[in-house]
Structure formats: structure tokens, C-alpha cells
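Quick note: the sequence shown uses this note's numbering, first residue 46, plus one each step. Where a beta carbon is used, it is the ideal one built from N, C-alpha and C, also for glycine.
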Amino acid sequence: MRLVSLTLENFRAYQTATTIEFSELTTIIGRNDIGKSCLLEALEIFFNGDVVKIDQADANVFSGSSLVSITAEFADLPEEITLDAGAPTTLREEYLLTGAGTLKIARVYDCSKKTPTCETFILARHPSASGLDNLLELKEKELQALVRAQSLDVALKGNPGMRQALWGACPELGLVEARIPVSKPKEDSKRIWDQLELHLPMFALFQSDRQSRDSDGEVQNPLKGAIAAAISEAQEAIESIQNLVQAKTEEIAKLTHEALKSIDPKLANSLSPKFVPPTASKWMGLFSLGMDTDDRIPLNKRGSGVRRLILVSFFKAEAERKLSSSAKRNLIYAIEEPETSQHPANQRVLIDAFKEIATTPHCQVILTTHSPGLAADLPIESIRFVSSEGPPATPAVRAGVDVFDTVAKALGLTPDSRVRVLICVEGPTDVTALKCLSAALHAEDDTIPNLMTDERFAFIPAGGSTLKHWVTENYLRNMHRPEAHIYDSDVAKYAVSVAEVNGRTDGLGSWAVQTQKHEIECYLHADAIKAAFDIDVDCVDHPADGAPSVPEAFAIALSAKRNFDGRMGADKAKGYLSKAFSHMTAAQIRARDPAGEIEGWLRSMSALA
């Protein structure tokens, strides 16, 4: 299950219902004390209630209500759920999905109590027709009575089948947006929630160095994420243990039940054994993992810089490990202000790790930051801007192109005045490729510019892949800098753009080309891919029958090696392949590009500067 959105109502500053949408990588930006951390902590309360626990003070002070609502929306749902042995069903058949086909789960907390209580609801388009709006709460005998009353031709065993027959026999179900309670012990409604809990994503929150409670001795230990990751990948073993325990306990319960029948048959007939498997958060609570330094000082007793450096190392290792994992359960990493106490070089490592983790299957990353250095290099589509006019106004969450200028100004992002040439390419992979290829050639011939370090050059990917690129495009282009455009030859429409740039008469000397090979990945050497991923890929100049493109061939090989669910798409394959460019040497470039096409681009760029 993949997290799609979060809606808060009456939770701290969020008095009125406020929704934030999530992608694989989501960056929450805003000034201090604006409500960024509230979003992450609300997710922690929803999924675990461990690092952060809800209390009476979490209800909004201006509303006058003590009820707090935290609603999460999910996609990529389980194909079926099993309520009883031999009675599989689906969320759609039980009318538990929204009109968009997603699953919305609302958890409502009563903060009027010293220890707030929680009730869980599913928000869905559900039948409202009289007598058909509460079928999930009815016992088997009650459903059988309804089926017999309508003389329906359906087996009188298995609640899902009887519900579907009753709904199917009604000409007008009157589907409406409904709140279906699933946490109270009412027959299948509770069983559905027990099943869904097993499919919810694992959630690991890494807070900044402020602790939420004095007793939270290990809150900042990043190795807790290792436990969450391990559990997410051990679902088959966990289910095997649960099935074994269930079989044994139900056997004992059955014997106990039979003994009770001999003593009090009436009481025995009103009771039935029920096994409730532990939730993901309970499994996580069974394990603890620590790390002592050489002098036996626990990690959580070391300085903040050391702890955050371990955090950097954890995510770097996790990004590499995820490439070879086959997790079946989604995992969400939520990191508050990852730039805290970190050198800029370590921030760069973190950014790269976050991007990699977010591209792997079954993973999502959520960040909060107010650091221009960190935010500038993150994808613009990941940005969510939180702003407020102050209490009692509810903070607003905005996304999309209309907010980029506001974000850039809020973070103080300005274009580099040293830039003399704008390099326009298709996407982030092209940026990585040209930087790495130029660095390799520059190492042998310093007359070739190194785009990795030369401040005279700035990249503009189509659409602006990062906030820094967006700032460059929207500000520097108005300052009339010469442009070098390089586009793949696999898209015919780029020929028109190339002709337009080469036909300019503004005297700046801008030029444009299309690659002679099919796309930038075709310039990779097989040995570089082997060094990066330990797989063999045939690097062709142009795809043909029986000879797939380099990204497609790579996707086939890596998906098979890593046991991915299905085959990764071309865009994700290109994201992975971008790592191989850093392994390219000057000799490998010349082997794949004997005509010197890449060197020609770079020297032409240098001439513009």
C-alpha cells in the first residue's frame, strides 16, 4: 500500500481540514514553527503511536472540540483480503473504496480523556439503502436470515458471498460517502481492519535533535529504521510464524471450548475463539538494536553531530541495499530536517541517498527542511510549501508550479551570477551524464571543461527537475546568456527545437544538436554498467528487433537479478543507470564514441563561455 495523502483536522495548528499529497519523494518546506513537523508526527501517531503519542494538548486550542482526526489515503491496495478461512473478498466488492478507487482510513482521537482513545473508520462510497448499509456489522446468522427472506440463490456459508448477493439484488444501492466504523468488535468490519493493518506501510520517523519527551533515550537512534526495513522484508516468515501460532492456539481454544460445552452448553454456544494477529508496530516493539562506539559509549549518548552522521551513513547504506532487496511491504522513511549538524558534503550524500531510495520499489521518503542548500537540489515536483498567517488560521499546504517562486524567495535562492552558459537538456539523467563524462575527459585533458565543478555552466532540464534548475531557468534566461541544447534523437519533435535555436539571430551564439546515438544512455560502456550493478548489458547505439534499447535491456537484467515484482519502467531504469556514468573512464568514452561527439559538445560549450 502506497501513501497518497494525509488530511488533518483539529490537530494542533491544523484546525480546519488540511490535506497534503505525497509522492515517492516529498519535500515539506516552510519556516520554523509553521507546522512541518506536525505532518510527520501525525503520520507517526497514525501508524505507530510510539516515537510520538497523542495527548490532550494535541487538540486545537481555538476550536472548542476535543476530537482530532488523522486521515490517510492509500493506493496500490491488496488484491484480496481473507476474513474467514475460505472466504476471500476484495475492498471493492465490500464497497470500501473511494470514488477514485483509493482506500481512506480515518483515525479519530478523543483528546478529552487523560489517555486519548481512538476509533477507526473507512471513508468510502458505501450503500445507503435501508437494511443494506450495515451488512459488515451483521453476524452470519443475521445475513442468512436476510438471504432466506429474499429467497436468494447463494450459499449460506461465507459472509462476503451473502453480502454481495444482498447488494446485487438491490436495484438502487444509493452509494454515498460514508464513515464505516472498523475498530469496534462488530463481526467482519473489525476483521477487515485486522487484515488491513497487516498491509499498511511500515513507518519510520527520524526527528531532528530536539526530543519530544525527556524519557525518549533512543529516539534519535537511526538503527531503528533497520528494524522497520527488516520486518518489511520478512513478511513471509512472519506470516508463517503467525499461522503456526494461530493453529496451535486455536487447537487449544477448541479443546477448551469443548470442555466448556460439557459444563455450560448455553454459555459455550455464545462464545467462539478468535485469533487476532499482532500489528506491524507491535512486531517492531519486540526488537531493539543499538550501536556502541569503541569506548562503549551508547550511540544515543554521543553528540548530535555524531548521531546525525550515523543517520547519513544509514541512508547511504539503505539506498545501496534497497537495490538488491525484494520487500513485499511498503516502507516510509520520514526525516525531519536532515541537514541538522551536517557538513554540506554530507548533505549531498543524504540528498543522493534519498533520491535513490525513493526510486526503489515499495519505498517512499518524506523530508522537512528550511535549508536552501538541501531544498535546491531536490526535485521540484516533490516540493510542498507550508505557510500560515498565524493562529488561529490553519496552515496552508501548496504544491505545483505556482508556488516555486514563493519557495525560492522564502529560501533566499538566487541564481549564480558566475554562470555564463546555460546547458539545456531533457532531464536529470542528462545532467548527471554530461557532468560525469566531462569530468572523466577533463581528468586527461584539462582544456575540456569539467561541468561537475565549473561555475561558468548551469543546467536547465526540460521542466526544471530541481528547484535550483527552476531558479536558473526563470531568472538567468532573462539575463540573455548563450545556450547549448543537447537532445536525444529518439524524439522527433526535438528536431523543431534544434532548428529554432540554430536559427536565432540574437548574436549570443546559442546552438543545439540531437545525439547521433538513440539516447544519452547509449554512450555508456558495458563495463561501467557492470562496475555499478554487477550485471551484463549489451549497449547498442540504436534499438532494433531483438536488440532492446540500453535502458530496456538494463531494466530486464536488473529486474531479474533483484527479483523485482514485475519489470521496472524505462524512466526508473534511466534513474538507476545514471549511477553508471560515474564509472565511465576517458578510454571507455572514446571506445563508445570514437568520432569524439561528446568532446565536440564540451569544446563548443567552452567556446561560448
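task = State whether the segment 554 to 561 contacts the segment 530 to 543, with contact taken as three or more CB pairs (one from each stretch) at a distance under 8 Å.
result = yes
Exercise for the section: Check whether the segment 445 to 462 touches the segment 617 to 632, taking contact to mean three or more Cβ pairs, one atom from each stretch, closer than 8 Å. Expected result: no
With DSSP run on the structure shown, which of helix, strand or coil describes C481?
The residue you call residue 481 lines up with position 436 of the sequence shown. Correct three-state label for C481: helix.
- Message: Just to confirm my understanding: we take E655, look at its own chain, exclude 5 residues before and 5 after, and list those with CB closer than 7 Å. What are they?
- Response: No information on residue 655 is available, as it lies outside the stretch 46 to 654 that the chain covers here.
_Validate contact between the segment 423 to 440 and the segment 625 to 641 using beta carbons, cut 8 Å, 3 pairs_ = no
For the putative contact between I276 and M247, defined by C-beta atoms under 8 Å, what is the C-beta separation to the nearest angstrom?
Residue numbering aside, residue 276 sits at position 231 when the sequence shown is read from its first letter. Residue numbering aside, residue 247 sits at position 202 when the sequence shown is read from its first letter. That belief holds up - the Cβ atoms of I276 and M247 are roughly 6 Å apart, short of 8 Å.
*Under the three-state DSSP convention, the category M46 falls into*: One-based indexing of the sequence shown puts residue 46 at position 1. Coil, per DSSP.
- So Q287 and L128 are in contact, right, with Cβ under 8 Å, and what is the actual spacing, rounded? As a working mapping, residue 287 is identified with position 242 in the sequence shown. As a working mapping, residue 128 is identified with position 83 in the sequence shown. 16 Å between Cβ atoms; not a contact.
Checklist entry - Between the C-alpha atoms of Y154 and G94, what's the straight-line distance to the nearest angstrom? => result In the sequence shown, counting from the first residue as 1, residue 154 sits at position 109. In the sequence shown, counting from the first residue as 1, residue 94 sits at position 49. Between Y154 and G94, the C-alpha separation is close to 12 Å.
**Asked** Can you list, in chain order, the residues of its chain whose CB lies under 8 Å from that of S534, leaving out five sequence neighbours each side?
**Response** Stepping through the sequence shown from its first residue, residue 534 is reached at position 489. Excluding residues within five positions, the ones whose Cβ falls inside 8 Å are Q559, T560, Q561, K562, H563, E564.
Cβ neighbour criterion (16 or more within 10 Å) applied to S623: Looking up residue 623 in the sequence shown gives position 578. The residue in question, S623, is buried, as its Cβ has 16 or more Cβ neighbours within 10 Å.
Run the CB neighbour count on V470, radius 10 Å, all protein chains shown included, and call it buried at 16 or more, exposed below. Position 425 of the sequence shown, counted from the first residue, corresponds to residue 470. It counts as buried.
Q.
Suppose contacts are defined by Cβ-Cβ distances below 8 Å. Is E118 in contact with V49 by that definition?
A. As a position in the sequence shown, residue 118 is number 73, starting the count at 1. As a position in the sequence shown, residue 49 is number 4, starting the count at 1. Yes, the Cβ-Cβ distance between E118 and V49 is below 8 Å.
V264 to Q387, Cα distance in whole Å?
-> Reading the sequence shown from its first residue, position 219 is the one you call residue 264. Reading the sequence shown from its first residue, position 342 is the one you call residue 387. Confidence in V264 is poor, its pLDDT being 37 and thus under 50, which makes the residue's placement too unreliable to answer from.
| Residue interval of the alpha helix (DSSP H) (run including T160) | Along the sequence shown, one-based indexing puts residue 160 at 115. That residue, T160, is in no alpha helix (DSSP H); it is neither H nor E in DSSP.
Can you check which of these residues, V442, D499, V446, is closest to R463 by C-alpha distance? Against the sequence shown, residue 463 aligns to sequence position 418. Ranking the options by Cα distance to R463, first place goes to D499.
Using a 10 Å radius around the Cβ and a threshold of 16 neighbouring Cβ atoms, would you call F449 buried or exposed? Numbered from 1 along the sequence shown, position 404 holds the residue referred to as residue 449. By the 10 Å Cβ count, F449 comes out buried.
(Q) According to DSSP, is L569 part of a helix, a strand, or is it coil? (A) As a first step, residue 569 must be located in the sequence shown, where it is residue number 524. Looking at L569 - three-state DSSP - the assignment turns out to be coil, as it is neither helix nor strand.
Checklist entry - Can you list, in chain order, the stretches of the alpha helix (DSSP H) that have 4 or more residues and sit fully within the segment 385 to 429? => result 389 to 404, 417 to 421
Hey, out of F91, Q633, T550, S196, whose CA is closest to C567's CA? Taking the sequence shown and counting its residues from 1, the one referred to as residue 567 is at position 522. Comparing Cα positions, the closest option is Q633.
Exercise for the section: Report yes or no: do three or more beta-carbon pairs, one from the segment 48 to 64 and one from the segment 82 to 89, lie closer than 8 Å? Expected result: yes
Could you have a look at V558 and say whether DSSP puts it in helix, strand or coil? Stepping through the sequence shown from its first residue, residue 558 is reached at position 513. Strand at V558.
- Query: So the alpha helix (DSSP H) H514 belongs to, where does it begin and stop?
  - Reply: By 1-based counting over the sequence shown, the position of residue 514 is 469. First-last of the alpha helix (DSSP H) with H514: 512 to 516.
| said: I'd like to check one pair, S234 with E182: are the Cβ atoms closer than 8 Å? | reply: Here residue 182 refers to the residue found at position 137 of the sequence shown. Here residue 234 refers to the residue found at position 189 of the sequence shown. Yes. Within cutoff.
Three-state secondary structure assigned by DSSP to V113
Working through the sequence shown from its first residue, we reach residue 113 at position 68. In the structure shown, V113 sits in a strand (DSSP, three-state: E or B).
Relative to the alpha-carbon of A478, which residue among W646, F399, V290 has its alpha-carbon at the smallest distance?
Locating residue 478 in the sequence shown gives position 433, where the first residue counts as 1. Among W646, F399, V290, the Cα nearest to that of A478 belongs to W646.
- Message: Looking at I79: is its Cβ nearer than 8 Å to the Cβ of S594?
- Response: Residue mapping note: residue 79 aligns to position 34 of the sequence shown, counting from 1. Residue mapping note: residue 594 aligns to position 549 of the sequence shown, counting from 1. No. Outside cutoff.
For this session: Could you tell me whether the segment 169 to 181 touches the segment 202 to 221, where touching means 3 or more Cβ pairs closer than 8 Å?
Result: yes
On a Cα-Cα basis, can you pick out the residue from E382, I380, K186, G146 that is closest to K202?
As a working note, residue 202 is residue 157 in the sequence shown. Nearest option by C-alpha distance: K186.
Residue interval of the alpha helix (DSSP H) (run including F599):
Counting from one through the sequence shown, the residue named residue 599 turns up at place 554. Counting along the chain, the alpha helix (DSSP H) containing F599 begins and ends at 595 to 607.
Give the DSSP bridge partners of H171, in chain order. Position 126 of the sequence shown, counting from 1, holds the residue named residue 171. Looking at the DSSP assignment, H171 forms a beta bridge with V221.
- Quick one: residues in its chain with C-beta nearer than 7 Å to the C-beta of A420, no 5 flanking neighbours on either side, listed in chain order? For the purposes of this step, residue 420 is identified with residue 375 of the sequence shown, where counting begins at 1. Same-chain partners within the cutoff: T72, I74, T414, L456, L512.
Using the three-state DSSP reduction, which class does R637 fall into: helix, strand or coil? In the sequence shown, counting from the first residue as 1, residue 637 sits at position 592. The answer is helix: DSSP assigns R637 an H, G or I state.
* Asked: With 16 other CB atoms within 10 Å as the buried threshold, where does R526 fall?
  -> Here residue 526 is taken as the residue at index 481 of the sequence shown, counted from 1. Answer is buried; the Cβ neighbour count reaches 16.
Next item on the list: Less than 8 Å between the CB atoms is what I'm expecting for A87 and L112, so what's the real figure, rounded?
Entry: Position 42 of the sequence shown, counting from 1, holds the residue named residue 87. Position 67 of the sequence shown, counting from 1, holds the residue named residue 112. With 8 Å as the limit, A87 and L112 do not qualify as a contact, their Cβ atoms being about 14 Å apart.
| field | Endpoints, alpha helix (DSSP H) assigned at Y621 | value | Counted from its first residue, the sequence shown places residue 621 at position 576. It spans 615 to 622 - the alpha helix (DSSP H) in which Y621 sits, taken as one unbroken run.
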